[in-house]
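Take a look at the structure below.
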Amino acid sequence: MKSEFKTCANGHQYSGARCPYCPAEEAPGGIKTVLDVTPAQAVDDKTVIEQKGPVVSSYTPVDDRTVISGHVKSSNQGGPTLAPLGAETVNPSGRKLVGFLVTYDFDALGTVYNLYEGRNIVGRIPPAGVLFPSGTVSDKHAMILYRDDKFFISDELSTNGTFVNGESLEDKMKLTDRDEVRFGDINTRFIVI
18 MKSEFKTCAN GHQYSGARCP YCPAEEAPGG IKTVLDVTPA QAVDDKTVIE QKGPVVSSYT
78 PVDDRTVISG HVKSSNQGGP TLAPLGAETV NPSGRKLVGF LVTYDFDALG TVYNLYEGRN
138 IVGRIPPAGV LFPSGTVSDK HAMILYRDDK FFISDELSTN GTFVNGESLE DKMKLTDRDE
198 VRFGDINTRF IVI
């Protein structure tokens, strides 16, 4: 019985007109393929590396020191500090500044939190605009609303409660200038501009 298999020059066993494992002598249309390139031609093929690198904007950290939770170092000697990093210190939404919350719980010189017209969420994590780094403050703890020249505060079902002038907040309540507002164990003074 005669064998149907042939052996190519590279030692491959195959049946048919040509070895399926070896590259064709010439591709259809006479154009050489990548497999048809001889090792001598491949040596001249060099990858071109783009000389222009990626554009990286310069980053200068404001303060890269680790801050112990619950403590903010004063960068303003002799004056109050602004809210800690991560808190809304710039007015990104273009809303009018209408009041402040001031606390002395993080810095003996005071920490100031801006309040803007509309809704101001008080909490421990963003998207709260007033961020208190305290375990007694809920993620979304309370909301201070400024509308029609009046301030209102409501508790957002916080774990440790919201208190105005020592009274637990059950429903929405009107805030007046110089009210003492406590979020969990963070004591603040509400100031109207």
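Under our numbering, the first residue of the sequence shown carries the number 18, and numbering increases by one thereafter.
Heads up, the beta-carbon is just placed ideally off N, CA and C, and yes, glycines get one too.
Which of helix, strand or coil does DSSP assign to D172?
-> strand
At a cut of 8 Å, does the stretch 132–140 reach the stretch 182–191 through at least three beta carbon pairs?
-> no
Terminal residues of the beta strand (DSSP E) in which G135 lies = 135–140
By Cβ distance, which residues of its chain are closer than 7 Å to L114, with the 5 residues on each side in sequence left out?
-> N108, N131, Y133, I210
Nearest to V147 (by Cα), restricted to the options Y38, T205, C39, N27 | T205
Could you spell out the range, first to last residue, of the beta strand (DSSP E) harbouring N204?
-> 203–209
According to DSSP, what are the bridge partners of V154?
-> Its beta-bridge partners do not exist; DSSP assigns none.
Leaving out five residues before and five after D202 in sequence, what residues of the same chain have Cβ atoms less than 6 Å from its Cβ?
-> T153
Going by DSSP, what residues sit across from E184 in a beta bridge?
-> V181
Candidates A34, P40, F207: which alpha carbon is nearest E21's?
-> A34
Under the rule that 16 or more other beta-carbon atoms within 10 Å means buried, what is R199, buried or exposed?
-> buried
Alpha carbon of V119 to alpha carbon of L174, nearest angstrom = 23 Å
Sequence-distant residues of its chain with Cβ nearer than 7 Å to F117 (five each side left out) = V129, Y130, N131, L132, I208
R199 lies in the beta strand (DSSP E); which residues open and close that run?
-> 197–200
In the DSSP assignment, find the beta strand (DSSP E) that holds L192 and state where it starts and stops.
-> 190–192
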